[in-house]
Structure formats: C-alpha cells, structure tokens
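One structure is given below, encoded as structure tokens.
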Amino acid sequence: MANSSQFGTAKKTDSVPTAVIKLATADHLDDLLRIDKACFPYDAMSRRSFRRFVQHEHGHMVVLENATGQALGYAILLFRQATKLCRLYSFAVLPEAQGEGYGQQLMDYCIDQARAENCLFLRSEVRADQQRAVSFFERFGFVQLGLRTDYYDDHADALVFQKQLHYFDSAKVPRLVPLLTQSTEFTCGPASLLMALAWFDRAVANPQHEELEIWREATTIYMTSGHGGCGPHGLARAAIRRGLEAQVYVSKPGPVLLDSVRNEQKRNVMMRIQEADIAALKAAGVRIHHRDYALSRLEKDLNAGKLVIALISTWQFDRQRAPHWVLLTAVDNEYVYLNDPDDDLLPWQTITERQYLPIPRAIFEKAFSYGSSRLRAAVVLSHPRPTPMYDHPQTTKK
1 MANSSQFGTA KKTDSVPTAV IKLATADHLD DLLRIDKACF PYDAMSRRSF RRFVQHEHGH
61 MVVLENATGQ ALGYAILLFR QATKLCRLYS FAVLPEAQGE GYGQQLMDYC IDQARAENCL
121 FLRSEVRADQ QRAVSFFERF GFVQLGLRTD YYDDHADALV FQKQLHYFDS AKVPRLVPLL
181 TQSTEFTCGP ASLLMALAWF DRAVANPQHE ELEIWREATT IYMTSGHGGC GPHGLARAAI
241 RRGLEAQVYV SKPGPVLLDS VRNEQKRNVM MRIQEADIAA LKAAGVRIHH RDYALSRLEK
301 DLNAGKLVIA LISTWQFDRQ RAPHWVLLTA VDNEYVYLND PDDDLLPWQT ITERQYLPIP
361 RAIFEKAFSY GSSRLRAAVV LSHPRPTPMY DHPQTTKK
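Start counting the sequence shown at 1; every next residue gets the next number (the UniProt record's numbering).
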C-alpha cells in the first residue's frame with residue numbers, strides 16, 4: 001500500500017531527528033487514521049481495519065513519534081512463518097515530516113524486526129506511478145518481482161518489491177562453490193554436477209556441451225511429459241566417470257521417479273535404464289544407501305568438504321509439484337544453503353542470490369522429497385578419484 005506521499009528524499013542534515021517507534025495500541029487509532037488519510041487518500045483504511053491490525057496475532061503494527069510525542073508515521077508488518085516471509089503491508093510518514101530521516105528510521109526498524117523474526121524475505125507493494133516511492137525502496141535493497149494491475153481503489157497498478165534479509169557469510173569458507181545456470185528446463189541435475197566438478201577442480205572447457213553429455217548419460221529417458229530428467233543413480237554414475245567419489249542415498253531400493261508415469265512402456269524403459277545404472281555403480285564399488293539422508297548426515301558431509309546433489313520438490317517455492325535437483329553447499333543452525341541452477345524457479349533473484357541461497361531448515365525438510373511416495377534422493381560427492389572411470393561398453397577394447 002505504498003505511494004510517494006509517505007516518502008521524501010532525505011535532506012543532507014548534520015543529525016537525524018530523534019524518533020520513538022512503539023507498538024500501536026487502540027489509543028493510537030485516531031493518529032493512525034489521520035496519517036493514513038494524509039498519505040493514502042485514494043486507498044485509506046477504516047478504523048475497523050486498524051483495530052484488527054492492533055489485535056493481529058501474526059502481525060506487528062508500530063507508530064513512529066517525534067521527540068515531543070507527535071505521531072508522524074506507522075508501519076504494519078505481517079509474518080508468515082511457514083514461508084519465512086514478512087509482508088510490509090503498509091508504510092507511511094506524514095508529508096510534512098518527509099525528508100527529515102523519519103522514513104529511514106522506520107524502514108530500518110522494519111528490516112530489523114523482520115530479521116529478528118527470522119524472516120528470509122521482506123515484501124511490499126509500491127504504486128507503479130510513484131517514482132519517489134520506488135526509489136525509496138530500491139535504496140534499501142528491494143528488487144522488483146512483478147506487477148499487480150488494478151491493485152489500488154483508484155485502479156492504479158502496484159509493483160511488488162522484495163528484499164532478501166539473510167545471506168551466507170562468505171568469510172566462513174576459503175572460496176565459494178561457483179554457480180552455473182542450467183541451459184535447458186531438464187538439465188538441473190547435470191548443471192548441479194558441473195558446479196561440483198568446478199569446485200573439485202575438474203571444471204570443463206565447454207559447460208553447455210558437457211551439460212547435455214551428462215544428461216544423455218544420466219537421464220531416466222521419460223517423465224510425466226517432455227524430456228526425462230536425471231535419476232540419482234545416473235548422476236552418480238556420471239560423477240564417477242568424471243573422477244569424483246560418489247555415494248547415493250535413496251529412500252527406496254531400485255528404480256525411482258516412476259509414481260506419476262502412467263504409460264507402462266515408458267515405465268519399463270525407465271526401469272531398464274536405471275537398473276543398468278545401479279548395476280554399474282555396484283560394479284564400481286559405489287555405496288548405495290537405502291535410507292533417508294538426514295540433516296545430521298548432511299552437516300557431517302559438508303563439514304568434511306563434500307558436496308551434495310539433492311532432489312527437491314518445488315512445491316514449497318512455486319506451488320508446482322516438479323522434481324528439481326540442486327547442489328547443497330553449506331548448513332548452519334537456521335538454514336540449508338544451496339546453489340540453484342534454475343533461474344525460473346525464483347525469478348526475482350539475481351545470480352548472486354541463487355548462490356548459497358538460504359532455505360530455512362524446516363522448509364528444506366518439507367521440500368526434500370518428491371512424489372506420493374515421498375522419495376528422498378541425494379548424491380554425495382567428494383574429492384576426485386585418482387583417475388576418471390569410464391564405463392561405456394563401447395569404449396572397452398577387447
């Protein structure tokens with residue numbers, strides 16, 4: 001509900017005026033209505049709405065007062081703990097108080113409060129025709145997600161802005177696992193493996209070509225529609241061919257990703273190719289664990305210098321039930337960090353933000369499975385073998 005009337009370009013003053021920010025109560029209703037009407041004449045809220053926000057169990061409404069106790073602004077934060085999203089529902093500073101630093105103090109408070117609630121994102125709507133409001137949000141590191149047409153009561157459009165609140169501390173590691181964006185919609189697994197290869201100093205000269213080569217080796221051939229993705233056994237097989245050590249964790253034995261494939265011929269083909277991958281892994285001495293890959297195991301593996309390609313469901317992020325491979329790069333008490341090869345899954349994020357993307361542990365636990373059988377699959381990669389292993393029958397000389 002933001003527009004330029006609540007923001008002003010900060011004046012270059014020697015000092016920022018003293019402001020007090022406090023939780024709003026029913027005693028502030030008259031002040032809230034006065035501020036809201038002055039800032040949002042086209043979309044003002046009612047007394048009943050403000051009273052509801054005062055009593056909101058999952059919200060946080062604050063009033064900004066100057067040194068004399070005069071109310072000059074307010075903000076409403078709504079928390080969605082399931083997604084670690086904080087919505088800045090409304091943000092206002094009286095026009096006559098603009099340019100004095102009050103807006104900056106109020107926004108700093110909102111950002112700090114969202115972080116204190118362990119939120120990963122802060123999101124708000126801004127009038128598309130109010131450049132001063134847009135500039136204000138951009139100054140605080142918000143990026144534009146999209147456009148909502150006919151959003152306000154006067155039919156004006158709104159820009160959706162979002163700020164990421166938490167980032168991986170790169171000082172914790174000597175270097176970061178590089179990020180690679182997949183070049184097709186079906187090569188998230190190969191792109192994840194290529195990132196690991198680069199980390200283990202086995203980068204390839206032509207990543208896009210190698211991405212398709214890995215897909216040809218690791219594909220399940222079919223999925224529900226379109227090109228097949230890659231299975232865990234195929235990815236592990238492709239990894240050891242390129243000199244990495246690999247272990248496979250899969251929650252069920254045998255071929256996987258068959259639940260939603262209705263065509264019997266396609267299922268048979270998928271089973272045959274995966275059975276061949278499993279046999280090749282066993283012949284190469286690769287360990288296949290038929291159990292869940294727990295977060296406690298992930299912590300041990302990452303701390304030992306390993307990387308993990310994990311299968312997730314995108315439902316937790318885009319409400320689409322699609323399988324997706326990502327590379328797990330770090331973990332701490334709050335988050336699992338991953339390199340996401342898909343720039344369409346979370347399109348508002350820059351390349352930098354998709355590298356070591358923090359996912360709250362509880363959300364990752366929900367995302368780390370796929371299908372009605374709740375399949376969990378992970379390929380644990382570690383330092384290179386002495387020499388790469390190539391197991392294509394056609395390359396064996398008699």
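Backbone N, C-alpha and C fix where the C-beta goes; we use that ideal spot for every residue, glycine too.
Counting along the chain, residue 285 sits inside no alpha helix (DSSP H), nor does DSSP assign it H or E at all.
Residue 195: member of the alpha helix (DSSP H) spanning 188–199, first to last residue. Of the residues assessed, residue 252 falls on the exposed side of the cut-off, its CB having fewer than 16 other CB atoms within 10 angstroms. Per DSSP, residue 209 is one residue of the alpha helix (DSSP H) stretching across 207–218.
Contact annotation, residue 368 with residue 322: C-beta distance approximately 14 Å; criterion of less than 8 Å not satisfied. By the C-beta density criterion, residue 147 is exposed, having fewer than 16 other C-beta atoms within 10 angstroms. Only buried fits residue 100, as 16 or more other CB atoms lie within 10 angstroms of its CB. In chain order, 182, 188, 324 place their CB closer than 7 Å to the CB of residue 342, counting only its own chain and leaving out the 5 sequence neighbours on each side.
Judged by DSSP secondary structure, residue 125 falls outside any alpha helix (DSSP H) and instead within the beta strand (DSSP E) spanning 121–127. Counting only runs of at least 4 residues, the segment 15–83 fully encloses the following alpha helix (DSSP H) elements, listed from N- to C-terminal order: 29–39, 47–54.
Under the three-state reduction of DSSP, residue 339 is assigned to strand. DSSP, read as helix, strand or coil, puts residue 267 in helix.
Distance from residue 361 to residue 335 at the Cβ level is roughly 6 Å; contact confirmed, criterion being Cβ atoms closer than 8 Å. When DSSP states are grouped into helix, strand and coil, residue 130 belongs to the coil group. If you draw a straight line from the Cα of residue 51 to the Cα of residue 76, it comes to about 12 Å. C-alpha of residue 176 to C-alpha of residue 170: approximately 7 Å in a straight line.
Buried is the label assigned to residue 355, since at least 16 other Cβ atoms lie within 10 Å of its Cβ.
Beta-bridge partners of residue 300 (DSSP): none assigned.
Residue 379 is positioned such that its CB atom lies closer than 8 Å to that of residue 239. Residue environment analysis places residue 231 among the buried positions, since at least 16 neighbouring C-beta atoms fall within 10 angstroms of its C-beta. When Cβ pairs closer than 8 Å are counted between the two stretches, the segment 92–108 is seen to touch the segment 13–31, the count reaching three or more.
Contact check for residue 62 and residue 22: beta-carbon distance about 6 Å, within the 8 Å limit, so the pair qualifies. The three-state secondary structure of residue 324, taken from DSSP, is strand. Around the CB of residue 255, 16 or more other CB atoms lie within 10 Å, so the residue is classed as buried. The continuous stretches of beta strand (DSSP E) do not include residue 232, which lies in the alpha helix (DSSP H) extending over residues 232–241. Remark: C-beta atoms of residue 190 and residue 214 approach each other more closely than 8 Å. Excluding five sequence positions before and after residue 29, the CB atoms of its chain that fall closer than 8 Å to its own CB belong to 47, 50, 51, 54, given in chain order. Residue burial annotation: residue 172 is exposed, with fewer than 16 other C-beta atoms found within 10 angstroms of its C-beta. Residue environment analysis places residue 234 among the buried positions, since at least 16 neighbouring C-beta atoms fall within 10 angstroms of its C-beta. Residue 364: member of the alpha helix (DSSP H) spanning 361–367, first to last residue.
Between the C-alpha atoms of residue 192 and residue 375 there is a straight-line separation of about 19 Å.
With contacts defined as CB atoms closer than 8 Å, residue 220 and residue 273 qualify as a contacting pair. For residue 377, the three-state secondary structure derived from DSSP is strand. Here the alpha carbon of residue 118 sits roughly 38 Å from the alpha carbon of residue 384. Put simply, of 162, 129, 106, 164 the residue whose alpha carbon is nearest the alpha carbon of residue 149 is 129.
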